[in-house]
Amino acid sequence: MPPANCSALISSAWNATKDNSTVGVCISLTNFCMPSLPAVIAIDAPAIIKLDAATKSFTPRGGQAFHALRGISLCVRDGDFVAVLGKSGSGKSTLLNLIAGIDRASLGDVHAAGAELNRLSENELALWRGRNVGVVFQFFQLLPTLTIEENIMLAMDFVGKVPASKRRSRAQELLRLVGLSDQAPKLPSTLSGGQQQRAAIARALANDPPIILADEPTGNLDSETAGAVTMLFQTLTEQGKTLLIVTHDDNLARKAHRVIQLKDGIIIADDANISSRP
Ligand SMILES: Nc1ncnc2c1ncn2[C@@H]1O[C@H](COP(=O)(O)OP(=O)(O)OP(=O)(O)O)[C@@H](O)[C@H]1O
Ligand SMILES: [Mg+2]
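When you line the sequence shown up against this note's numbering, it's residues 37 to 314, in that order.
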């Protein structure tokens, strides 16, 4: 049985190891809650995402603060594929928004892809995001007045990493990858939910970012298309990308190296040591 003060033990061990030299690595705490086994602190792998006691609160005008995330500490290793599970309202999208720098933590620190996000201005943050993070939003957020192809090209225009002469062909290649070649000239509103979802995945890959954050990316897809998208995510992991994916899709979650579960803004389970399961 874990001792009653198990989480306090873990958090004091975590704090004891926290200094500037450990920001760039993940520290694993093993056996802290197993009195029969020796406790081990291991500094093991380069970190690409690291949250230290990150809290996100929303305060309605004249109302009381609501804490959507409550002191989340999380370290994601470079190249990991993490599935994020949890009931509606548990804080999954809020977590993704903090890591993407779309929202700022109310308290605590968020580091990702070499940056401490709270220290960046809004402009710096937007550029950092464009270069480093591909986001597949829960509700797609494609620009309604641009065609599907233009939506993808705009992401490349903003960052400037892909040469201007190659942007259209890259957009077409990404649309082919998600099975949407024939939809390129259409406006988002004329596509089905599943097609918009796949277009959002193509846009997330536009600048070949090291981190992909996806919020329910198979939520609107039939099982065959969801399977194809799951295979695409697996290929991205094999290419060394870091994936953090919110999902209710068991088939997709099964492919993850690690599954974390949120409840009421807290991580209640973290299955960090599994390798990809069949
Ligand atoms: N901008 C906001 N203002 C106020 N409350 C918010 C805001 N954004 C999120 N919340 C609240 O924070 C909590 C977590 O929201 P979040 O969207 O992260 O949940 P979720 O786990 O993604 O849920 P779902 O599975 O339904 O998408 C919810 O109670 C939500 O109402
Ligand atoms: Mg959500």
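A virtual CB, placed ideally from N, CA and C, is assigned to each residue, including glycine.
| Lys-222: beta carbon under 8 Å from a heavy atom of ligand 2? | no
| Residues that Lys-92 bridges to, as DSSP identifies them | Leu-105
| message | By alpha-carbon positions, which one of Ile-303, Thr-273, Leu-223 ends up nearest to Leu-241? | response | Thr-273
| task | Indicate the three-state DSSP secondary structure (helix, strand or coil) for Gln-297 in the structure shown. | result | strand
| request: Spatial neighbours of Gly-263 within its chain, please: CB distance less than 8 Å, with the 5 preceding and 5 following residues excluded, ordered by chain position. | output: Asn-287
| Reference Arg-106; option with closest CA among Leu-268, Leu-134, Lys-291, Ala-191 | Leu-134
| Measuring CB to CB, does Pro-246 end up less than 9 Å from Val-265? | no
| request: State the start and end residues of the unbroken beta strand (DSSP E) segment that holds Thr-278. | output: 278-282
| task | Return the first residue and the last residue of the alpha helix (DSSP H) that Phe-194 is part of. | result | 184-195
| request: Quick one: residues in its chain with C-beta nearer than 7 Å to the C-beta of Pro-82, no 5 flanking neighbours on either side, listed in chain order? | output: Gly-60, Val-61, Arg-113, Asp-114
| message | Which residues neighbour ligand 2 when neighbourhood means a C-beta less than 6 Å away from any of its non-hydrogen atoms? List them by chain order. | response | Lys-128, Ser-129, Gln-174, Asp-251
| query | If you run the structure through DSSP and keep just helix, strand and coil, what is Ile-310? | reply | Caution is warranted here: a pLDDT of 49 is assigned to Ile-310, below 50, making its placement in the model unreliable, and no coordinate value can be reported.
| request: If I'm right that Gly-215 touches Arg-234 with Cβ under 8 Å, what's the distance once you round it to whole angstroms? | output: 7 Å
| query | Apart from the five residues on each side of it in sequence, which residues of its chain come closer than 6 Å, Cβ to Cβ, to Arg-203? | reply | Met-189, Met-192
| request: Would you list the residues sitting across from Asp-145 in a DSSP beta bridge? | output: Asp-88
| Status (buried if at least 16 other CB within 10 Å, exposed otherwise) for Ala-136 | buried
| request: Hey, could you find the ends of the alpha helix (DSSP H) Val-265 is sitting in? | output: 259-274
| Option in Leu-132, Ala-90, Glu-186 with minimal Cα separation from Ala-220 | Glu-186
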